[in-house]
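K.L.:
Chains as they are written, first to last, in the working numbering: chain A, 1 to 319; chain B, 1001 to 1319; chain C, 2001 to 2255; chain D, 3001 to 3255.
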Amino acid sequence: MEVASPTMDGQAKPTRCSKVTSLQDAARLARGALEERPELCLGGLFKQGRPVALVRGLLAAGADGLHVYSSPGAGYDIDLMIAAGAVAQVFIPGVTLENRLCPNFRRAVEAGQVTAHALDALTVVGGLMASAHGVPFQPIDALRGSDVLKHNPLLREIDCPFSGRHIHAVGPIRPRVTFLHAQEADRWGNLRHLSTMVYADQLMARASDMVIASVDRIVPEEVVLDDPSRVTVPSHYVDAVVEVPFGAHPTASFPNYAMDEEHIDAYADLGDAARAGDAAGLNAYIARHVTGPESQGDYIEAVGGSAHFARLEAEARNG
Amino acid sequence: MEVASPTMDGQAKPTRCSKVTSLQDAARLARGALEERPELCLGGLFKQGRPVALVRGLLAAGADGLHVYSSPGAGYDIDLMIAAGAVAQVFIPGVTLENRLCPNFRRAVEAGQVTAHALDALTVVGGLMASAHGVPFQPIDALRGSDVLKHNPLLREIDCPFSGRHIHAVGPIRPRVTFLHAQEADRWGNLRHLSTMVYADQLMARASDMVIASVDRIVPEEVVLDDPSRVTVPSHYVDAVVEVPFGAHPTASFPNYAMDEEHIDAYADLGDAARAGDAAGLNAYIARHVTGPESQGDYIEAVGGSAHFARLEAEARNG
Amino acid sequence: MNSAVSPLEQMVVVLARDLADGELGAAGAAALVPMAAIALARELHAPNLTVGGEMFFNPEPGRLYPSMLDDRALGRCEAAETFIELFGHSHHGLGFFFHSGLQHDAFGNINLHHVGGTLHAPKMRGPGAANLSYCHTSSRFYICPTVHSARNFVEKVDFITIPGHLSGPAAKRDAGLVNEGPRLVVTPRAVMDFDKTTLRMRLKSVHAGNTPEDVQRHTGFDLAIRGDVPRTRPPTDAELRVLRERIDPSGALRA
Amino acid sequence: MNSAVSPLEQMVVVLARDLADGELGAAGAAALVPMAAIALARELHAPNLTVGGEMFFNPEPGRLYPSMLDDRALGRCEAAETFIELFGHSHHGLGFFFHSGLQHDAFGNINLHHVGGTLHAPKMRGPGAANLSYCHTSSRFYICPTVHSARNFVEKVDFITIPGHLSGPAAKRDAGLVNEGPRLVVTPRAVMDFDKTTLRMRLKSVHAGNTPEDVQRHTGFDLAIRGDVPRTRPPTDAELRVLRERIDPSGALRA
Chain A
1 MEVASPTMDG QAKPTRCSKV TSLQDAARLA RGALEERPEL CLGGLFKQGR
51 PVALVRGLLA AGADGLHVYS SPGAGYDIDL MIAAGAVAQV FIPGVTLENR
101 LCPNFRRAVE AGQVTAHALD ALTVVGGLMA SAHGVPFQPI DALRGSDVLK
151 HNPLLREIDC PFSGRHIHAV GPIRPRVTFL HAQEADRWGN LRHLSTMVYA
201 DQLMARASDM VIASVDRIVP EEVVLDDPSR VTVPSHYVDA VVEVPFGAHP
251 TASFPNYAMD EEHIDAYADL GDAARAGDAA GLNAYIARHV TGPESQGDYI
301 EAVGGSAHFA RLEAEARNG
Chain B
1001 MEVASPTMDG QAKPTRCSKV TSLQDAARLA RGALEERPEL CLGGLFKQGR
1051 PVALVRGLLA AGADGLHVYS SPGAGYDIDL MIAAGAVAQV FIPGVTLENR
1101 LCPNFRRAVE AGQVTAHALD ALTVVGGLMA SAHGVPFQPI DALRGSDVLK
1151 HNPLLREIDC PFSGRHIHAV GPIRPRVTFL HAQEADRWGN LRHLSTMVYA
1201 DQLMARASDM VIASVDRIVP EEVVLDDPSR VTVPSHYVDA VVEVPFGAHP
1251 TASFPNYAMD EEHIDAYADL GDAARAGDAA GLNAYIARHV TGPESQGDYI
1301 EAVGGSAHFA RLEAEARNG
Chain C
2001 MNSAVSPLEQ MVVVLARDLA DGELGAAGAA ALVPMAAIAL ARELHAPNLT
2051 VGGEMFFNPE PGRLYPSMLD DRALGRCEAA ETFIELFGHS HHGLGFFFHS
2101 GLQHDAFGNI NLHHVGGTLH APKMRGPGAA NLSYCHTSSR FYICPTVHSA
2151 RNFVEKVDFI TIPGHLSGPA AKRDAGLVNE GPRLVVTPRA VMDFDKTTLR
2201 MRLKSVHAGN TPEDVQRHTG FDLAIRGDVP RTRPPTDAEL RVLRERIDPS
2251 GALRA
Chain D
3001 MNSAVSPLEQ MVVVLARDLA DGELGAAGAA ALVPMAAIAL ARELHAPNLT
3051 VGGEMFFNPE PGRLYPSMLD DRALGRCEAA ETFIELFGHS HHGLGFFFHS
3101 GLQHDAFGNI NLHHVGGTLH APKMRGPGAA NLSYCHTSSR FYICPTVHSA
3151 RNFVEKVDFI TIPGHLSGPA AKRDAGLVNE GPRLVVTPRA VMDFDKTTLR
3201 MRLKSVHAGN TPEDVQRHTG FDLAIRGDVP RTRPPTDAEL RVLRERIDPS
3251 GALRA
């Protein structure tokens, strides 16, 4: 990450710095930044392209009191962070596993342990847009009639200087750290999403102070240079990149591997049990998958080993 | 273009409508729309990816009093439109052939025949953003100290509701018609830019009432479906698409053919002569290249035939 | 063939018939039934219907997927967008959209935030919702929960996540809701629409195997049943054949 | 080798030396000299200098092109962006940028709009300029016209397209220009900088083949020449070799 100091005479010529780092170093980097300002943003959407290995790394490194943002929908990862006690406030409009509710999110909010703000997609996207564009606010003119408007902490009513009408505005959302997951990157940190859907990843990268990405694999820089239009997030926006096999698990990294619905369901069952008073299974899950593994290899073994992941790879190929 | 009327019983089943049309029909469509509101916007930038065949078609179909927008820089095409007497107002921040000034632009502005507004890139891009996003204005906070601010007709000073500071805002720029040039499209109007740079083409498509695109070739729809991430402008935004060989000439359509610098230079010499009082050459140029050709084939012959264009193709390949 | 029509298949067919050729629309979050309805309409009478506004255009999946937030469910779509373009679509609006929630009330308002308690001290916290704008920036929307009970059809929702007709025409006007709002409520039991004057929900037709009394018993407010209630027009052979052969070969709607 | 150094090569070397490793910067419109300067800095001492902010990142052309608005001039770049991202960069600012115009004045203001007359009744209408923001949102900028004459270096520009130091520190402060603004003016004849107190331009060094008197004669305002003016440090052998072999093999800077 360190940039060599400039030399004007060409004598002690510095070399271009790789942004490739380890999962542990990336987690430490993020933890340090989040201690300054606890605003963390997660890429992907629901069960696709979520930077879960980075989340586990951060939880293992120790983090608490986080304010968590995301593209407007999240499930497993935010629920896991809440289960691990790392979250104070949730700024995500939709929190669900899609086919069922998020058990720890529900429990913690109902117990008053976590504040879940009532928000909507346009507020979050608009706030990220304001930050990415470098302007003090983004006008919004499509929110009416919802009780969310009465509670949304990020929104203000303004008078439109052009039409005179009452509209809304959101100030910049500038995450201190954003975690992204992409399929490929070169060592300079140019990211390539090979998935069809990229959601808000590019916007978040432009809106954030620090961006750390996990990728399925680091590719030679020639791969990037041969097709610059395929780069979704230029290196300029990226501070560190980590090669993590199955780093989005249990969410999907299409076209490489599918989401692990069974894993997420089993996790949710443990969460529901914890909500009903029996936290032993959930605690064991966290020990086994989050705090226990010393490496992604350990994690892969804990989940079910290479045969298990071969099945997820096949599911991504075969639909 | 016509959408078949709905039938609920599945009896007289309509078929999906192709958006492919002829250059003449596209020009007529544009002319009709611009008679309602004369705001035309041109894609590409300077000598790359400009929809020049559509411009020639519109000039041949007859158009005047146009207000012309563009990505923030234009040269040959706006100068040609002015030479043909079609333009009343220019809303383009930079008007130049890059290596020399635009002769007819210069002449017409100096003679008071055309109003060339003092603008900047952020005003134009911001106005297109406001229109694309559907909001009543776009805040801008990066314009200071320039005399352009004293004259820019699209900009207003507003009080930022968040910071209290004086900033700027621009209302939506919503072109009645936008002409784009892309390398490929399918018959439904999904555009694929194969050039590295796409400039503001996507933004304009989202900001405009009507979008008409010329492409180097129509490709089978399977080409689009096999790689949806390559589609730069989805069919939803496109009203008509025309296959026009060398439709961007004399500007470039990379990677297929390079800009024709010699053609543009010869044109500019004729423009300079007209500015000095001898308009015969310029008038002959317009008759030969704009009003004369009955088809793109005629135009290609007028410019120099297939051997000439083979050279531009080779230049695009070899740099 | 019709004898085996499932409640979800009946829902799909009712919704598909109401979508017109040339429209732009999207499926919303609970996508199984809406996506099937859109696909059926495109196959039968609306080939120029564009699926768009949710970051993908015209997906061509080989089968139905429960979530569209899955690259596989897009199959070979025509184009991909991001949340920035969705921000624009949300303002410009669509032709139609679909919603469902934890609670739906007599005016078509939908709650996804909490049941009981308050937002920050809820008895039961729901998932919330991502996009609140399409319900009123779009020309109309459909309410299509896959459960219809007195628990999720209540007189008044505890929290209005998605505004329907609020408390009627005056409230709707005051809130600036200028479009149609919810047009139809299509459930596994019946079809409801809204009284033009009061904008209260009323029973429109009941699906095969249900009586108006059944439907009323499973609804937490008065459905304004007056006289005979027609039976929902069942799927035609053509509708069912296209649905099962081309759209839902894996039988997700019959599971 | 040094004996054949061209004025443009001298300009490139002066500019390259002032760019630091790890910076983000872009070349502006008249790109030949700035792009060569950036490329030379990246080769010699600034491998972590990122070229960005103008819709492409880190182009690797095989030779120099007069315009960067040419896919060939990007060669194999690392990424492409659009004007929306440029809008963001324009607000966030860069480390450095480059400008030149029809007229440059004693305070480093630049005119690209008109010479004589008024904006809408100009004697001579110039091209205007696309991006007016980088000159003050960026940390600093360089002025580097390839012509240096009493016609394009004037006491006061007829129109301020690109603000430099306006009329000095007070005007700059009043206009909200908080960054450094123009740092160096590098022409085929000489290098100028700005007096720290008054922000007026002054002669800093003259290139080989020029005298301070020559430069003053070709400048339309007083260059505050006091005592000896140093000679611009000519390119080193290493600078010239890298420039000619790796950056400008076609000799565009010597044409």
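We put the beta carbon where it would ideally sit given N, CA and C, even for glycine.
Can you pull out the residues from the region 1127-1142 of chain B whose beta carbon lies closer than 8 Å to at least one beta carbon of chain C?
P.N.:
Result list: Ala1132, His1133, Gly1134, Val1135.
K.L.:
Just to confirm the assignment, what range does the beta strand (DSSP E) spanning Ser306(A) have?
P.N.:
Careful: Ser306(A) lies outside any beta strand (DSSP E), inside the alpha helix (DSSP H) at 305-318.
K.L.:
Taking Cβ-Cβ distances shorter than 8 Å, what residues in chain B pair up with Phe333(A)?
P.N.:
Nothing in the structure corresponds to residue 333(A), since chain A is present only between 1 and 319.
K.L.:
CB-CB under 8 Å to Arg1174(B), same chain, minus the five flanking residues each way: which ones, in chain order?
P.N.:
Once the five neighbours on either side are set aside, the close Cβ partners of Arg1174(B) are Glu1039, Ser1131, Ala1207, Ser1208, Asp1209.
K.L.:
At which residue ranges does the region 155-183 of chain A contain complete beta strand (DSSP E) runs of 3 or more residues, listed in the order of the chain?
P.N.:
155-159, 166-170, all fully within the region 155-183 of chain A.
K.L.:
Which chain A residues sit within Cβ distance under 9 Å of Leu2074(C)?
P.N.:
Thr196, Met197
K.L.:
Report the residues of the region 198-226 of chain A with a CB closer than 7 Å to any CB of chain C, ordered along the chain.
P.N.:
Val198, Tyr199, Ala200, Gln202, Leu203
K.L.:
Which residues does DSSP pair with Ser1070(B) in a beta bridge?
P.N.:
Leu1042(B)
K.L.:
How is Gly1271(B) classed by DSSP in three states: helix, strand or coil?
P.N.:
helix
K.L.:
Secondary structure at Asn2111(C), three-state DSSP: helix, strand or coil?
P.N.:
strand
K.L.:
Taking the continuous alpha helix (DSSP H) assigned at Lys150(A), which residues delimit it?
P.N.:
148-151
K.L.:
Between which two residues does the beta strand (DSSP E) holding Val87(A) run?
P.N.:
For Val87(A), the enclosing beta strand (DSSP E) has its first and last residue at 87-90.
K.L.:
State the Cα-Cα distance for the pair Tyr1299(B) and Ile1286(B), rounded to the nearest angstrom.
P.N.:
11 Å
K.L.:
From the DSSP output, in three-state form, read off Asp3237(D) for me.
P.N.:
helix
K.L.:
For Ala2208(C), is the classification buried or exposed, using 16 other Cβ atoms within 10 angstroms of its Cβ as the cut-off for buried?
P.N.:
exposed
K.L.:
DSSP three-state label for Ile218(A), please.
P.N.:
Annotated three-state conformation of Ile218(A) is strand, per DSSP.
K.L.:
Provide the residue(s) that pair with Met2124(C) in DSSP beta bridges, ordered along the chain.
P.N.:
Answer is Val2115(C), bridged to Met2124(C).
K.L.:
Buried or exposed: which applies to Pro3249(D), given that a residue is buried once 16 or more other Cβ atoms fall within 10 Å of its Cβ?
P.N.:
Per the 10 Å Cβ criterion, exposed.
K.L.:
At the 8 Å Cβ level, is Ser1235(B) part of the contact set with chain C, yes or no?
P.N.:
yes
K.L.:
So, with DSSP's three-state summary, where would you put Val223(A)?
P.N.:
Helix.
K.L.:
Helix or strand or just coil, what does DSSP make of Arg3193(D)?
P.N.:
Note that residue 3193(D) corresponds to Asp in the displayed sequence, not to Arg. Of the three classes helix, strand and coil, the one that applies to Asp3193(D) here is strand, per DSSP.
K.L.:
Taking C-alpha atoms, which residue in Arg3183(D), Thr3197(D), Ala3171(D) lies nearest to Lys3204(D)?
P.N.:
Arg3183(D)
K.L.:
Mark Val3147(D) as exposed unless 16 or more other C-beta atoms lie within 10 angstroms of its C-beta, in which case mark it buried.
P.N.:
exposed
K.L.:
Kindly say whether His67(A), judged by its beta-carbon, lies nearer than 8 Å to any beta-carbon of chain F.
P.N.:
The structure shown contains no chain F; its protein chains are A, B, C and D.
K.L.:
Since Thr1115(B) meets chain D, which of its residues come closer than 9 Å, beta carbon to beta carbon?
P.N.:
Residues of chain D passing the Cβ test: His3120.
K.L.:
Select from Ala1268(B), Phe1246(B), Thr1291(B) the residue whose C-alpha is nearest the C-alpha of Pro1051(B).
P.N.:
Phe1246(B)
K.L.:
Does the region 1288-1306 of chain B come within contact of the region 1111-1121 of chain B, defined as at least 3 CB pairs closer than 8 Å?
P.N.:
no
K.L.:
For Glu2180(C) and Pro2034(C), what's the separation of their Cα atoms in angstroms?
P.N.:
When the Cα atoms are used, Glu2180(C) and Pro2034(C) turn out to be separated by approximately 19 Å.
K.L.:
By the three-class DSSP mapping on this structure, what secondary structure does Arg3180(D) have?
P.N.:
The question names Arg, yet the displayed sequence has Glu at residue 3180(D). Glu3180(D): coil per DSSP, three-state reduction.
K.L.:
So within the region 1186-1264 of chain B, which uninterrupted alpha helix (DSSP H) runs reach at least 4 residues, ignoring any that extend past its ends?
P.N.:
1201-1207, 1221-1225
K.L.:
Any beta-carbon of chain C closer than 8 Å to the one on Val1109(B)?
P.N.:
no
K.L.:
How would you list, in chain order, the residues of chain D whose beta-carbon sits under 7 Å from the beta-carbon of Cys17(A)?
P.N.:
Per Cβ cutoff of 7 Å: Asn3048.
K.L.:
Gly112(A) versus chain C: which residues are under 7 Å apart at the beta carbon?
P.N.:
Ala2121
K.L.:
To the nearest angstrom, report how far apart Thr2082(C) and Lys2172(C) are at their CA atoms.
P.N.:
31 Å
K.L.:
State the DSSP-derived secondary structure class of Val3242(D), mapped to helix, strand or coil.
P.N.:
helix
K.L.:
Does the CB of Pro51(A) have a neighbour CB from chain C at under 8 Å?
P.N.:
Any Cβ of chain C closer than 8 Å to the Cβ of Pro51(A) would place that residue at the interface, and such an atom is absent.
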